[in-house]
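Notes follow the structure.
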Amino acid sequence: KDKSFARQVSRENIMRCEEIGIPLSEFLTMGVEAMQSVGQEIGL
Numbered sequence: 006k007d008k009s010f011a012r013q014v015s016r017e018n019i020m021r022c023e024e025i026g027i028p029l030s031e032f033l034t035m036g037v038e039a040m041q042s043v044g045q046e047i048g049l
């Protein structure tokens with residue numbers, strides 16, 4: 006396990022999506038789709 010990977014990402018904040026009723030997989034899908042919609046503008 007590489008401890009430097011995503012070091013500054015708050016695991017606590019990630020898990021909050023489930024606390025408000027959004028499964029983590031659905032939240033991640035929303036994020037990917039949002040980035041895809043602006044991919045060229047953000048250099049993806």
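Here my numbering is used: the first residue of the sequence shown is 6, the next is one more, and so on.
Every residue, glycine too, gets a C-beta built ideally from N, C-alpha and C.
Being a predicted model, the structure only gives us computed values, none of them experimental.
Check, Outcome
"So, helix, strand or coil for serine 30, using DSSP?", "helix"
"Below 8 Å between beta carbons: does that hold for phenylalanine 10 and cysteine 22?", "no"
"Going straight from the alpha carbon of glycine 44 to that of arginine 16, what length do you get?", "25 Å"
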